[in-house]
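**Q**
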Amino acid sequence: MSQRPDTQDQAEFREYCRRWLEENRPPAPSFRLPIAPIEVSSEEQRQYLCAWQKKCHAAGLVGTDYPKEYGGHGHKGFQAIASQEMGRAGVPFMINVIGLGMAAPTILVHGTEEQKRRFLPPLLSSDEIWCQGFSEPGAGSDLASAQTTVVREGDNWIVNGHKVWTSLAHFASWMILLGRHSKADKYNGLTYFIAPIKDAKGVTVRPLVKITGETGFNEVLFEDVIVPDSLRLDEVGKGWTVAMTTLTYERGAAEGAGSGGGTSVEEYVNELIALAKRTRRGAGTAWDDAVVRDKVAQIAIRAEGLRQNARRMRIEALTDHPMRIPLQSKVLITELIQDLSALGVEIAGPHASRYLGDPGAPDGGHWPHAYMNSYGMTIAAGSNEIQRNILGERVLGLPKSK
Amino acid sequence: MALTKDLGFGPDEQLVRDQARKLLKDSVPVDKLRTLVARDHHEAYETKIQPASWDEGLWKQMIELGWTALSVPESAGGLGMKTIVSVALAEELGRVAVPSPLPATLAATVVLKAAGATSWLEKIAGGEAATLAVTPESGSWEPGDTDVEARAAGGGVTLHGKASFVQDARKARLLVVSAKSPAGVALYVVPVDAPGVTITPDRIVDLTRDQATVSFDGVAVDAKNVAAGEGKGKAVLEQALPAILTLLAADACGAAEWQLQTTAEYAKSRVQFEHPIGFFQAVKHPLVNVMLAIDRAKSLTYAAACAVDEDPADALRLARMAKAAASDAAAFASDRSVQLHGGIGFTWECDVHLWFKRQKHTEQLFGNATQQRAHLARILEAAL
Numbered sequence: 112m113s114q115r116p117d118t119q120d121q122a123e124f125r126e127y128c129r130r131w132l133e134e135n136r137p138p139a140p141s142f143r144l145p146i147a148p149i150e151v152s153s154e155e156q157r158q159y160l161c162a163w164q165k166k167c168h169a170a171g172l173v174g175t176d177y178p179k180e181y182g183g184h185g186h187k188g189f190q191a192i193a194s195q196e197m198g199r200a201g202v203p204f205m206i207n208v209i210g211l212g213m214a215a216p217t218i219l220v221h222g223t224e225e226q227k228r229r230f231l232p233p234l235l236s237s238d239e240i241w242c243q244g245f246s247e248p249g250a251g252s253d254l255a256s257a258q259t260t261v262v263r264e265g266d267n268w269i270v271n272g273h274k275v276w277t278s279l280a281h282f283a284s285w286m287i288l289l290g291r292h293s294k295a296d297k298y299n300g301l302t303y304f305i306a307p308i309k310d311a312k313g314v315t316v317r318p319l320v321k322i323t324g325e326t327g328f329n330e331v332l333f334e335d336v337i338v339p340d341s342l343r344l345d346e347v348g349k350g351w352t353v354a355m356t357t358l359t360y361e362r363g364a365a366e367g368a369g370s371g372g373g374t375s376v377e378e379y380v381n382e383l384i385a386l387a388k389r390t391r392r393g394a395g396t397a398w399d400d401a402v403v404r405d406k407v408a409q410i411a412i413r414a415e416g417l418r419q420n421a422r423r424m425r426i427e428a429l430t431d432h433p434m435r436i437p438l439q440s441k442v443l444i445t446e447l448i449q450d451l452s453a454l455g456v457e458i459a460g461p462h463a464s465r466y467l468g469d470p471g472a473p474d475g476g477h478w479p480h481a482y483m484n485s486y487g488m489t490i491a492a493g494s495n496e497i498q499r500n501i502l503g504e505r506v507l508g509l510p511k512s513k
Numbered sequence: 006m007a008l009t010k011d012l013g014f015g016p017d018e019q020l021v022r023d024q025a026r027k028l029l030k031d032s033v034p035v036d037k038l039r040t041l042v043a044r045d046h047h048e049a050y051e052t053k054i055q056p057a058s059w060d061e062g063l064w065k066q067m068i069e070l071g072w073t074a075l076s077v078p079e080s081a082g083g084l085g086m087k088t089i090v091s092v093a094l095a096e097e098l099g100r101v102a103v104p105s106p107l108p109a110t111l112a113a114t115v116v117l118k119a120a121g122a123t124s125w126l127e128k129i130a131g132g133e134a135a136t137l138a139v140t141p142e143s144g145s146w147e148p149g150d151t152d153v154e155a156r157a158a159g160g161g162v163t164l165h166g167k168a169s170f171v172q173d174a175r176k177a178r179l180l181v182v183s184a185k186s187p188a189g190v191a192l193y194v195v196p197v198d199a200p201g202v203t204i205t206p207d208r209i210v211d212l213t214r215d216q217a218t219v220s221f222d223g224v225a226v227d228a229k230n231v232a233a234g235e236g237k238g239k240a241v242l243e244q245a246l247p248a249i250l251t252l253l254a255a256d257a258c259g260a261a262e263w264q265l266q267t268t269a270e271y272a273k274s275r276v277q278f279e280h281p282i283g284f285f286q287a288v289k290h291p292l293v294n295v296m297l298a299i300d301r302a303k304s305l306t307y308a309a310a311c312a313v314d315e316d317p318a319d320a321l322r323l324a325r326m327a328k329a330a331a332s333d334a335a336a337f338a339s340d341r342s343v344q345l346h347g348g349i350g351f352t353w354e355c356d357v358h359l360w361f362k363r364q365k366h367t368e369q370l371f372g373n374a375t376q377q378r379a380h381l382a383r384i385l386e387a388a389l
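Chains as they are written, first to last, in this note's numbering: chain A, 112 to 513; chain B, 6 to 389.
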């Protein structure tokens, strides 16, 4: 069932995507692939996933709506179709997720012509991986309190500071960086840069180990790192505005340069039912338990609700406030994944004590792993508590919380 | 199957909805509603027979605007509009919580449409209010479960037994009765004043509806009363069920939106600890959670309404989801609307109890959230 009818051009493109994905689906690797791009940790995973993104880009499934002069394919309204079809085909995800989802749209909106021509083509092809330097040890939910300093020296800026929770920094060539040029003004004292990471003098990337026991994200230290002024995005003092563009895309309120692949929420719901039907409980299975069925049905309703929100969002007459549904999507998807993973753990019972690598672990240890990992998503991109402040203030008009 | 881009909600549909929203907002301000149904708590709950007050003038306006004819097919003198229009109307009625026979009439219309009962649909299009008398005293919402029997008598049939939980029976003119016979369930349309029909009002919590047990004491019916013949009634009710659930879900969504907006307004004006209480996250975040629940329910409700017309094979799944989500949203919005109003929210004087009570009633009709999910789990399992 499609979400909306395609025009003839869109239908043809969709058919092309389907056929291409069917014919070019990559063989399963001999090693385990992480469930999300932010957990890519090994070199073999990187190579496999970069090769796949490059191939998808060449075929027009990534950067689909971006101008040709910036390495895109110059279409309009086709990216969502390509991303949907990749999701439906269940193919591997795009590794350069920060680049495609956040850096590319930010550069497209705020970058100079030169910056767009230089950075977008290798970003789309995954020849250059990107990471995001927003959060700091003292600037999490209160992002605008970032303290990493940028000091102008002639044609250069000198960067000093400490960024954390930096997914993909260990593979990254570039970082989108929020820096402070002035302490006098919290918001207007911020300026936005493209910072070199790989092989840059004064940059140290250290892996952070997550509760899952995996690496995949990092802390990045800057000690007198030189960044030329030509890598500044938009004007000095406009950093907060530029960061808001990035966050709009990060929180899923707008379509980036490509996404798709990975496992869809609908598939997870079906896997949950399958798990319940094969998990023994007494004389029967967990699915025979009405309480389990009720909980699975609650998850299924939330998953379908998310899908139908996306459909309703396009019909102005059926939405009460233009940002009401878009601003909800981050909270809804991350909490759904968290709760459905927790339910998988509950259904699997003692078997869920077995982790990745244990031959007796249901679905290879997916449920406890996905559950622990889900906290990355409910905390990242502005914790869900911050999202609820934004919804309460911008949509319901409640007074601003400090 | 490709579905309509706009969920079937185009300019014509919006026009009807916007007109309804305006009329109801202008004609049913809260103080008028209070005067109608909650002027006096003795009168509301302690008189021998609970009053069933409603605004008959407003009902006449609704008829003149064609609201009873909207979803009646053109072949039966109606406007033949999409299900989503009735659903949008139901949402507006829930928002103002107005006592009216329209929700019951819309549900009856769905059943009579499924039965192809043209002559009775013509009466509804012309402004006759109708209601479903299809539920047994056990409270089962399963299509075909009924305590009414159809017995052969002479050349015709007589109806015996009782229908329970009949909505707005004292506002309706026509009853759509489900009755069992050895050959299976049939549906009959019986005027409320037919000899042998007795309407005994229930005393209910909800002040914006009336509900009754209707007894049939040898009520004679003939061919013209038959909407679905013996053995055909159950299938007709099953076919109508997705739309009935969706209409109820819409009522709950509309009422929940009123509860959300009213409570948010209160949170902006009520000051404690030198701040409007909406400043505090213990108030702000629950209100946002109510909004998330409402939006999920609305999206599922419109999707179900669209599926009733365009993808009937998937309509029951979406309608069960919609009614479950809307019942949960109704319960949650009701809970927070009273709690966050604080002490005043617990009083008769505060308006929130009128919506709270309507929601408690809507939650249960045709199955509450838990019951919907029990059915849904079987649908999901079958689709695997």
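All C-beta atoms in this analysis are idealised placements derived from N, C-alpha and C, irrespective of residue type, glycine included.
Quick caveat, the model's predicted, so the values are computed rather than measured.
In whole angstroms, what is the alpha-carbon distance linking Ala228 of chain B and Pro104 of chain B?
**A** 33 Å
**Q** Restricting to Cα atoms, I'd like to know which of A:Asn267, A:Val275, A:Cys242 is closest to Gln258 of chain A.
**A** A:Val275
**Q** For a quick check, are the C-beta atoms of Ala385 of chain A and Leu389 of chain B less than 9 Å apart?
**A** Yes. Within cutoff.
**Q** When the Cα atoms are used, what is the spatial distance from Cys355 of chain B to Met326 of chain B?
**A** In a straight line, the C-alpha of Cys355 of chain B is about 32 Å away from that of Met326 of chain B.
**Q** For Thr359 of chain A and Ser194 of chain A, what's the separation of their Cα atoms in angstroms?
**A** 18 Å
**Q** How would you label Leu20 of chain B, buried or exposed, when you count the other beta carbons within 10 angstroms and need 16 or more for buried?
**A** The residue in question, Leu20 of chain B, is exposed, as its Cβ has fewer than 16 Cβ neighbours within 10 Å.
**Q** Within the chosen definition, does the region 201-208 of chain A reach the region 233-247 of chain A through at least 3 CB pairs nearer than 8 Å?
**A** yes
**Q** According to the neighbour-count rule (16 or more other Cβ atoms, all chains shown, within 10 Å of its Cβ), is Asp333 of chain B buried or exposed?
**A** buried
**Q** Answer yes or no: does any C-beta atom of chain B fall closer than 9 Å to that of Arg392 of chain A?
**A** no
**Q** Name, in chain order, the residues that DSSP records as bridge partners for Leu319 of chain A.
**A** A:Phe328
**Q** Assuming Val190 of chain B contacts Thr151 of chain B under a Cβ cut-off of 8 Å, what Cβ separation, rounded to an integer in Å, is found between them?
**A** 7 Å
**Q** Short of 9 Å Cβ to Cβ, which residues in the region 16-29 of chain B face chain A?
**A** Within the region 16-29 of chain B, the residues whose Cβ lies closer than 9 Å to some Cβ of chain A are Pro16, Glu18, Gln19, Arg22, Asp23, listed in chain order.
**Q** Taking DSSP's pairing of strands, which residues face Asp222 of chain B in a bridge?
**A** Asp222 of chain B pairs with B:His165.
**Q** If you draw a straight line from the alpha carbon of Val314 of chain A to that of Thr118 of chain A, how long is it in whole angstroms?
**A** 49 Å
**Q** Let's see if you can read the secondary structure: which residues bound the beta strand (DSSP E) around Phe304 of chain A?
**A** Looking at the DSSP string, the run of the beta strand (DSSP E) that includes Phe304 of chain A is 301-307.
**Q** If you follow the alpha helix (DSSP H) that Pro232 of chain A is in, where does it begin and where does it stop?
**A** 224-236
**Q** To the nearest angstrom, report how far apart Leu179 of chain B and Val162 of chain B are at their CA atoms.
**A** 18 Å
**Q** Going residue by residue through the region 233-280 of chain A, where are the continuous alpha helix (DSSP H) segments of at least 4 residues, counting only ones entirely within it?
**A** Taking only runs of at least 4 residues, no alpha helix (DSSP H) segment lies wholly in the region 233-280 of chain A.
**Q** Between Pro247 of chain B and chain A, is the shortest Cβ-Cβ distance under 9 Å, so that the two count as touching?
**A** no
**Q** Would you mind telling me which residues of chain A sit closer than 8 Å to Thr375 of chain B, beta carbon to beta carbon, in chain order?
**A** The contacting residues are Asp405.
**Q** So Leu389 of chain B contacts chain A; which residues on that side make the cut at Cβ distance below 9 Å?
**A** Asn381, Ile384, Ala385, Lys388
**Q** I'd like to know whether the C-beta atoms of Val336 of chain A and Pro318 of chain A end up nearer to each other than 9 Å.
**A** Not a contact, by the Cβ cut-off of 9 Å.
**Q** Can you name the residues of chain B whose CB is closer than 7 Å to the CB of Pro523 of chain A?
**A** Here chain A has residues from 112 to 513 only, and residue 523 of chain A is not among them.
**Q** Can you name the residues of chain A whose CB is closer than 8 Å to the CB of Ala261 of chain B?
**A** The contacting residues do not exist; Ala261 of chain B stays about 12 Å from chain A at best.
**Q** Along the beta strand (DSSP E) that carries Gly210 of chain A, what are the first and last residues, could you check?
**A** Note, Gly210 of chain A: premise wrong, no beta strand (DSSP E); not H, not E.
**Q** Go to Ser186 of chain B, then tell me how far its beta strand (DSSP E) extends in each direction, as first and last residue.
**A** 179-186
**Q** Apart from the five residues on each side of it in sequence, which residues of its chain come closer than 8 Å, Cβ to Cβ, to Asn420 of chain A?
**A** Ile436, Gln439, Ser440, Leu443
**Q** When you compare each of A:His462, A:His281, A:Asp474, A:Val338 to Cys242 of chain A by their alpha carbons, which one comes out closest?
**A** Just measuring C-alpha positions, the residue of A:His462, A:His281, A:Asp474, A:Val338 sitting nearest Cys242 of chain A is A:His281.
**Q** Could you tell me which residues DSSP pairs with Gln277 of chain B in its beta bridges?
**A** Within the DSSP secondary-structure output, Gln277 of chain B pairs in a beta bridge with B:His280.
**Q** Could you give the distance in angstroms between the alpha-carbon of Arg341 of chain B and the alpha-carbon of Arg363 of chain B?
**A** 15 Å
**Q** Below 8 Å on C-beta distance, what does Ile410 of chain A contact in chain B?
**A** By Cβ distance, chain B contributes nothing, its closest Cβ being about 10 Å from Ile410 of chain A, past 8 Å.
**Q** My understanding is that Trp146 of chain B touches Phe371 of chain B, with C-beta atoms under 8 Å, so please give their C-beta distance in whole angstroms.
**A** 5 Å
**Q** Using the three-state DSSP reduction, which class does Pro473 of chain A fall into: helix, strand or coil?
**A** helix
**Q** Out of B:Ala49, B:Glu61, B:Glu18, B:Leu75, which has the shortest C-alpha to C-alpha gap to Leu359 of chain B?
**A** Measuring from the Cα of Leu359 of chain B, the nearest candidate turns out to be B:Ala49.
**Q** By the criterion of Cβ-Cβ separation under 8 Å, what are the contact partners of Pro433 of chain A in chain B?
**A** The contacting residues do not exist; Pro433 of chain A stays about 13 Å from chain B at best.
**Q** Could you check whether Gln498 of chain A and Arg404 of chain A sit closer than 9 Å to each other, using their CB atoms as the reference points?
**A** Inclusion of Arg404 of chain A and Gln498 of chain A in the CB contact set at 9 Å is not warranted, their separation being larger than that value.
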